[in-house]
Amino acid sequence: MTQSVLIIGARSDIGIAAARAFAAKGYAVQLAARNAPALADDRKDLIARYGAQVSLHEVDALDLSSHEAFVAGLPVLPGVVVCTVGFMGEQKQNETSLAEMARVMRSNFEGPASLFTVLANKMVARGSGTLVGISSVAGERGRAANYVYGSAKAGFTAFLSGLRNRLAKDKTGVHVVTVLPGFVRTAMTQGLDLPAKLTAEPAEVGNAIFKAVEKGKDVIYVRPVWQGIMLAIRKIPEFQFKKMSI
Amino acid sequence: MKLSGWGRFPQAECAVVRPRDVAGVESALARNAGGLIARGNGRAYGDSALNPAQTLDMRGLDRVLAFDEQTGQVVAEAGVLLADLIELFLPRGWFPSVTPGTKFVSLGGAIASDVHGKNHHKHGSFGAFVDWIDVLGSDGVIRRASRDEEAELFGWTVGGMGLTGVILRAALRLTRVQTGWIKQTMRPAPDLATAMALFEQAQDATYSVGWIDCLASGAATGRSLVMLGEHATLSDLTEKQHADRWVEKSRGKKSVPLDFPSFALNSLSVKAFNTLYYANGRRQAGASLIDYDSYFYPLDAILEWNRIYGRTGFAQFQCVIPLKASHAGLTAMLGEIARSGQGSFLAVLKRMGAQDSPFSFPMEGYTLALDFPMRQQTPGLFAELEAIAIDHGGRFYLAKDSLLTPERLRLSDPRVKAFTQMREASGAAARFRSLQSERLAL
Ligand SMILES: Cc1cc2nc3c(=O)[nH]c(=O)nc-3n(C[C@H](O)[C@H](O)[C@H](O)COP(=O)(O)OP(=O)(O)OC[C@H]3O[C@@H](n4cnc5c(N)ncnc54)[C@H](O)[C@@H]3O)c2cc1C
Ligand SMILES: NC(=O)c1ccc[n+]([C@@H]2O[C@H](COP(=O)([O-])OP(=O)(O)OC[C@H]3O[C@@H](n4cnc5c(N)ncnc54)[C@H](OP(=O)(O)O)[C@@H]3O)[C@@H](O)[C@H]2O)c1
Chain Y
127 MTQSVLIIGA RSDIGIAAAR AFAAKGYAVQ LAARNAPALA DDRKDLIARY
177 GAQVSLHEVD ALDLSSHEAF VAGLPVLPGV VVCTVGFMGE QKQNETSLAE
227 MARVMRSNFE GPASLFTVLA NKMVARGSGT LVGISSVAGE RGRAANYVYG
277 SAKAGFTAFL SGLRNRLAKD KTGVHVVTVL PGFVRTAMTQ GLDLPAKLTA
327 EPAEVGNAIF KAVEKGKDVI YVRPVWQGIM LAIRKIPEFQ FKKMSI
Chain U
171 MKLSGWGRFP QAECAVVRPR DVAGVESALA RNAGGLIARG NGRAYGDSAL
221 NPAQTLDMRG LDRVLAFDEQ TGQVVAEAGV LLADLIELFL PRGWFPSVTP
271 GTKFVSLGGA IASDVHGKNH HKHGSFGAFV DWIDVLGSDG VIRRASRDEE
321 AELFGWTVGG MGLTGVILRA ALRLTRVQTG WIKQTMRPAP DLATAMALFE
371 QAQDATYSVG WIDCLASGAA TGRSLVMLGE HATLSDLTEK QHADRWVEKS
421 RGKKSVPLDF PSFALNSLSV KAFNTLYYAN GRRQAGASLI DYDSYFYPLD
471 AILEWNRIYG RTGFAQFQCV IPLKASHAGL TAMLGEIARS GQGSFLAVLK
521 RMGAQDSPFS FPMEGYTLAL DFPMRQQTPG LFAELEAIAI DHGGRFYLAK
571 DSLLTPERLR LSDPRVKAFT QMREASGAAA RFRSLQSERL AL
C-alpha cells in the first residue's frame with residue numbers, strides 16, 4: 127500500500143521541502159494550507175519531480191471548530207503528519223498589541239496542538255502513525271528579541287513531549303517527533319544576516335524530517351551545532367541572562 | 171544583508187527579498203521604486219547580481235512544472251538549480267544540453283548570462299536550448315518570449331544579465347544520454363600553437379576544454395592539457411560502472427584531479443602547483459572513463475573553494491578573441507601574465523563556435539578565463555589584459571566581470587549602444603539595475 131504524508135502549513139518553504147523529501151521516497155502527499163488553490167504549482171512540481179500522487183486541502187489552524195471536519199475530509203488518514211504552521215509576527219507589535227500577541231501564541235501553539243489532538247486520537251484508534259511538530263530553539267529560553275514567539279514555541283515543545291509520553295507509555299503505536307530547525311533560510315527569515323554555519327537550507331530540514339521519521343527519533347536539531355549552543359544558553363544563570371542581549 | 175558574487179569582491183549591504191511565487195515577485199516589483207535586480211545562486215563572480223536597494227533572491231521559485239519524457243523538455247521556475255535537474259532527470263536518461271563549470275547555477279542565472287559549456291563549438295550556448303521564457307517586465311506585465319513571439323525580448327533577455335526584466339519560468343530542452351559517465355581523452359600540449367591545433371582537430375568532439383599553465387614562459391608559453399569528452403554509451407562501461415549507470419552511488423567519492431592546496435598563493439606556489447598538475451596530466455594522457463561530476467564539475471567537489479583566496483576575494487578575467495587574432499592575442503596576454511608574476515590556478519582555454527546573439531558573450535574564437543586574488547596590483551593587470559583583448563577584437567564576459575569600465579566595455583563591444591537604447595525605450599533601465607549595470611553605465 128502507498129504510504130502517505132500530510133503537510134499542514136504547506137505554503138512554507140520547510141513544508142514544501144518536507145513534501146519533496148517524502149514524495150521522493152514514493153509517499154502520496156496531502157498538502158494542506160490556507161488558500162490551498164495557490165498550491166497548484168507545488169502539486170505540479172511534486173508530480174514532475176517524483177510522479178507523486180498529490181491532493182490539496184484547505185485548513186486554518188486558528189479555526190479550531192473546523193479541525194475534526196478537516197481530518198475527516200482527507201482521502202485517507204495519513205501515516206505521517208508534518209505540521210509547519212507558525213507565525214513570528216513583529217516582536218515590537220507583539221509587545222503592545224494584545225491581538226497580535228494572541229495571534230502569535232495561537233498560531234504556534236493552540237492551533238497546531240488542536241490539529242495534533244484530533245489526528246493523534248484517530249491514529250491511536252488505527253494503532254499507527256507519526257506526528258512531526260516543527261517547534262523552535264526560540265522556545266528553549268525566552269529572550270527579549272522574540273519571547274512571544276518563543277513562549278508559544280515553548281508551549282508547543284512541551285505539548286509535543288507530553289503527547290509523545292502519553293502515546294509511548296500506552297503503546298499506541300503512534301510516535302511524536304519534535305523538530306528544532308535552528309535558523310533556516312526561508313520567507314520567515316528573509317533579509318536577515320544569518321550566520322552561514324548555523325543556517326540550514328529548507329531542503330536540509332526536509333531531509334532531516336524524513337530521516338527522523340524513518341528512524342523513530344524523538345527530538346532533532348537539524349544542525350547538531352545547535353544542541354551545544356542551546357545547552358550553553360540554558361546554562362547561563364538568570365541574573366546574568368536578564369542583562370544580556372542575545 | 172551582506173552579499174557578494176562568487177569572487178567575494180565586491181561586497182555590498184543589500185536589502186534582500188525572497189519571494190516564494192510569481193505573485194511575490196510581482197508585488198516586490200510593484201512596491202519597488204528605485205530599481206532592483208534578480209539574483210539566482212550567486213555564482214557570477216562580480217557584482218552582476220547585487221543591488222543594495224533591492225536584490226530579489228529567486229531561489230524561492232524552484233518548482234519544476236512539467237517534464238516531457240518524449241522530448242526532454244522541462245518547464246521550471248527560474249530558481250531551480252541545474253544540480254536539481256541533473257539529480258531528477260539523469261536517472262531518467264536526460265542531461266543538460268549545455269552546462270557551465272559548476273552545476274550550482276540557477277536556470278534564470280544560466281539564461282541571463284547565456285552560459286556556455288565545453289560543447290559550445292558544437293552545440294552553442296545555453297540559450298540555444300531554451301524554447302521560451304516568461305519575463306516580468308518593467309511595466310509589471312508578464313510576457314512569454316521565444317524565437318517566434320516577443321522575439322526581441324527573448325533575444326535581449328538571453329544574455330541580458332537580468333537587465334531586461336525578471337525571468338520567472340523557462341522551457342529547457344535536455345539531451346538524451348545513455349549513462350552518467352564521460353569518456354575523456356587527455357592530450358598534453360607543450361605550447362599554445364599545439365594546444366590550438368588540438369582544438370581545431372577536435373571540432374567533432376562533443377566536449378573540449380583546455381587547462382593552461384599561465385606561468386610557463388618562453389618556448390613553453392601556453393603549455394596546456396586539452397581534455398576531450400563524449401557521453402559514454404552503455405557498452406563503454408565496465409561491469410562496476412554498469413551497476414552505477416547514472417552515477418548515483420559513486421557520488422561523494424569524487425576524484426579531484428589533484429588536491430587543491432591550502433598554502434599561500436604566491437607565484438612560487440602556483441608555479442609548483444601548475445607544474446605538478448601538468449606533469450600529472452601528462453602521465454594520465456590518453457583515454458579514461460570518469461563520472462559526469464568529476465568531468466564537468468571538479469571544483470564543485472570542494473564546496474566554498476572561493477574562500478581559499480582569503481577575505482579580500484578574487485576576480486576573474488574572461489575574454490574571447492576572434493579566431494583570426496586568437497594566437498596573437500593569447501600569446502600577448504600570457505606574456506603579460508607571466509611578466510606580472512601574478513599566478514592563476516584556474517586558467518581555462520576553450521574554442522568557441524560561431525554565435526550571433528544580441529548581447530550574449532560567445533563568438534567564434536578562443537576564450538581564456540583566469541582567476542586572480544584581489545590585490546592592489548590586480549586592477550592594473552586587468553587593464554593591461556583588457557587593452558590586449560580590445561586590440562585583438564575581443565570582448566568580455568559580464569558574468570565574470572567586476573573591474574571593467576564603461577569606456578573599455580564600449581571599446582570592446584559595439585552592441586552596447588543598442589542594448590542601452592533598448593533599456594531606455596522599454597523602461598527597463600529605470601527598474602532593473604545592478605551594481606554592475608551602474609558601474610558599466612548599461
Ligand atoms: C566555478 C564556476 C565555474 C563557472 N563556469 C562557467 C562556464 O564554464 N561557463 C559559463 O558560461 N559560466 C561559468 N560560470 C559563471 C556562471 O555560470 C554564471 O555566472 C551564471 O550566471 C551563474 O548563475 P546564478 O544562478 O548563480 O546567477 P547569479 O550569479 O545569481 O546571477 C547572474 C546574473 O543572472 C541574472 N539573473 C539571475 N536570475 C535571474 C532571473 N530569474 N531573471 C533575470 N535575471 C536573473 C542576475 O541578475 C545576474 O546578472 C562559472 C561560475 C563558477 C563559480
Ligand atoms: N525559518 C526559520 O529560521 C525557522 C526556525 C525555527 C522554526 N521555524 C518554524 O518552521 C515553520 C515553518 O516556517 P518557515 O520558516 O517556512 O516560515 P513561513 O513561510 O512563514 O511558514 C509558516 C507557515 O505557517 C502557515 N500558517 C500560519 N498561520 C496559519 C494558520 N492559521 N493556518 C494555516 N497555516 C498557517 C503559513 O501559511 P500562509 O502562507 O497562509 O501564511 C506559512 O505557510 C514554522 O513553524 C516556524 O516557526 C522556522
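First to last, the sequence lines map onto chains Y and U. All the letters of the first sequence, read from the start, carry residue numbers 127 to 372 under this note's numbering. All the letters of the second sequence, read from the start, carry residue numbers 171 to 612 under this note's numbering. All C-beta atoms in this analysis are idealised placements derived from N, C-alpha and C, irrespective of residue type, glycine included. Quick caveat, the model's predicted, so the values are computed rather than measured.
Proximal residues of chain Y, C-beta to C-beta of residue 186 of chain U below 8 Å: Mapped onto the second sequence, residue 186 of chain U falls at position 16. The contacting residues are 316 and 317.
Status (buried if at least 16 other CB within 10 Å, exposed otherwise) for residue 362 of chain Y: Position 236 of the first sequence, counting from 1, holds the residue named residue 362 of chain Y. The residue is exposed, with fewer than 16 neighbouring Cβ atoms inside 10 Å.
Residue 354 of chain U, buried or exposed, once every other Cβ within 10 Å from all chains shown has been counted against 16: Counted from its first residue, the second sequence places residue 354 of chain U at position 184. When all chains shown are included, residue 354 of chain U counts as buried.
Residue closest to residue 236 of chain U, alpha-carbon to alpha-carbon, out of Y/166, Y/131, Y/255 and Y/292: As a first step, residue 236 of chain U is located in the second sequence; it is residue number 66 there, counting from the start. For residue 236 of chain U, the nearest C-alpha among the options comes from Y/166.
Local conformation of residue 475 of chain U per DSSP, three classes: Walking along the second sequence from the start, residue 475 of chain U turns up at place 305. Here residue 475 of chain U sits in helix by DSSP.
The segment 384-393 of chain U in contact with the segment 493-512 of chain U per 3-pair CB rule at 8 Å: Because the criterion of three Cβ pairs below 8 Å is met, the segment 384-393 of chain U and the segment 493-512 of chain U touch.
Amino acids of chain U, ordered along the chain, whose beta-carbon sits closer than 8 Å to that of residue 168 of chain Y: To locate residue 168 of chain Y, count along the first sequence from 1; it is residue 42. What residue 168 of chain Y touches in chain U: 233.
Terminal residues of the beta strand (DSSP E) in which residue 378 of chain U lies: Along the second sequence, read from residue 1 onward, the residue named residue 378 of chain U stands at position 208. That run of the beta strand (DSSP E) goes 377-382.
Beta carbon proximity, residue 296 of chain Y to chain U, threshold 8 Å: Position 170 of the first sequence, counted from the first residue, corresponds to residue 296 of chain Y. No, its Cβ sits nowhere closer than 8 Å to a Cβ of chain U.
Short-range partners of chain U found in the segment 170-201 of chain Y, where Cβ spacing is below 7 Å: 170, 171, 174 and 175
Helix, strand or coil at residue 202 of chain Y according to DSSP, with G and I counted as helix: Here residue 202 of chain Y corresponds to residue number 76 of the first sequence, with the count starting at 1. Three-state DSSP puts residue 202 of chain Y in coil, outside helix and strand.
Chain U contact for residue 313 of chain Y (CB, 8 Å cutoff): The residue given as residue 313 of chain Y occupies position 187 in the first sequence. So yes, residue 313 of chain Y belongs to the interface.
With 16 other Cβ atoms within 10 Å as the buried cut-off, status of residue 412 of chain U: Walking along the second sequence from the start, residue 412 of chain U turns up at place 242. Flag for residue 412 of chain U reads exposed.
Beta-ladder partner(s) of residue 542 of chain U, from DSSP: For the purposes of this step, residue 542 of chain U is identified with residue 372 of the second sequence, where counting begins at 1. When DSSP reads this structure, residue 542 of chain U sits in a beta bridge with U/485.
Enclosing alpha helix (DSSP H) for residue 314 of chain U [first to last residue]: Position 144 of the second sequence holds residue 314 of chain U. Segment 312-316 is the beta strand (DSSP E) holding residue 314 of chain U; no alpha helix (DSSP H) there.
Neighbour list for residue 172 of chain U in chain Y, Cβ cutoff strictly below 7 Å: In the second sequence, the residue the question calls residue 172 of chain U occupies position 2. Within chain Y, the residues near residue 172 of chain U are 319.
Ligand 4 heavy atom lying under 7 Å from the CB of residue 469 of chain U: Absence of ligand 4 is noted for the structure shown, with ligand 1 and ligand 2 being the only ligands found.
First through last residue of the beta strand (DSSP E) which encompasses residue 347 of chain Y: Taking the first residue of the first sequence as position 1, residue 347 of chain Y is located at position 221. Annotation for residue 347 of chain Y: the continuous beta strand (DSSP E) segment containing it runs 345-347.
Neighbourhood of residue 285 of chain Y by C-beta, 6 Å cutoff - its chain only, sequence neighbours within 5 removed: Against the first sequence, residue 285 of chain Y aligns to sequence position 159. Excluding sequence neighbours, residue 285 of chain Y sits near 239.
Partner residues on chain Y for residue 237 of chain U, Cβ-Cβ distance less than 7 Å: Residue mapping note: residue 237 of chain U aligns to position 67 of the second sequence, counting from 1. Under the 7 Å cutoff, chain Y gives 174.
Distance between residue 587 of chain U and residue 322 of chain U (C-alpha atoms, nearest Å): Residue 322 of chain U sits at position 152 when you count from the first residue of the second sequence. Residue 587 of chain U sits at position 417 when you count from the first residue of the second sequence. Roughly 16 Å separates the two Cα atoms.
Below-8 Å beta-carbon distance, residue 258 of chain U vs any chain Y residue: Residue mapping note: residue 258 of chain U aligns to position 88 of the second sequence, counting from 1. Residue 258 of chain U counts as touching chain Y.
Stretch-stretch touch, CB-based, cutoff 8 Å, three pairs: the segment 362-378 of chain U with the segment 331-345 of chain U: no
Cβ-Cβ distance between residue 610 of chain U and residue 551 of chain U below 8 Å: Within the second sequence, residue 610 of chain U is the residue found at index 440, counting from 1. Within the second sequence, residue 551 of chain U is the residue found at index 381, counting from 1. No, they are not a contact pair.
Interface residues of the segment 329-348 of chain Y facing chain U [CB-CB below 7 Å]: none
Neighbour flag for residue 190 of chain U against chain Y, beta carbons, 8 Å: Walking along the second sequence from the start, residue 190 of chain U turns up at place 20. It does: the Cβ of residue 190 of chain U has a partner Cβ on chain Y nearer than 8 Å.
Within 5 Å of ligand 2: residues by beta-carbon to any heavy atom: Y/135, Y/137, Y/138, Y/139, Y/140, Y/160, Y/186, Y/187, Y/188, Y/210, Y/211, Y/212, Y/213, Y/233, Y/260, Y/262, Y/307, Y/309, Y/310, Y/312, Y/313, Y/314 and Y/315
For residue 260 of chain Y: DSSP bridge partner residues: For the purposes of this step, residue 260 of chain Y is identified with residue 134 of the first sequence, where counting begins at 1. Answer is Y/305, bridged to residue 260 of chain Y.
Boundaries of the alpha helix (DSSP H) in which residue 295 of chain Y is found, first to last residue: One-based indexing of the first sequence puts residue 295 of chain Y at position 169. Run containing residue 295 of chain Y: 273-295, per the alpha helix (DSSP H) assignment.
Assigned secondary structure, residue 536 of chain U (DSSP; H/G/I helix, E/B strand, else coil): Locating residue 536 of chain U in the second sequence gives position 366, counting from the first residue. Looking at residue 536 of chain U - three-state DSSP - the assignment turns out to be strand.
For residue 465 of chain U and residue 225 of chain Y, the rounded distance between their alpha carbons: Against the first sequence, residue 225 of chain Y aligns to sequence position 99. Against the second sequence, residue 465 of chain U aligns to sequence position 295. If I take the Cα positions, the gap works out to 58 Å.
Under 8 Å between C-beta atoms of residue 249 of chain U and residue 229 of chain U: Along the second sequence, one-based indexing puts residue 249 of chain U at 79. Along the second sequence, one-based indexing puts residue 229 of chain U at 59. For residue 249 of chain U and residue 229 of chain U, yes; Cβs fall inside 8 Å.
Cutoff 8 Å: residue 230 of chain U Cβ touching any chain Y Cβ: In the second sequence, the residue the question calls residue 230 of chain U occupies position 60. At least one C-beta of chain Y is nearer than 8 Å to the C-beta of residue 230 of chain U.
Chain Y contact for residue 422 of chain U (CB, 8 Å cutoff): In the second sequence, counting from the first residue as 1, residue 422 of chain U sits at position 252. At residue 422 of chain U the pLDDT is 49, less than 50, meaning the model places this residue with poor confidence; the figure from the coordinates comes in the next sentence. Chain Y, which has no Cβ nearer than 8 Å to the Cβ of residue 422 of chain U, makes this no.
Coil, strand or helix - residue 301 of chain U by DSSP: Sequence index remark: in the second sequence, residue 301 of chain U carries index 131 (1-based). Strand at residue 301 of chain U.
Cβ-based burial, residue 422 of chain U [other Cβ within 10 Å; buried from 16]: Here residue 422 of chain U is taken as the residue at index 252 of the second sequence, counted from 1. Any reading at residue 422 of chain U needs caution, since the residue's pLDDT is 49, under 50, leaving its predicted position unreliable; the model's value is listed next. Exposed is the call here.
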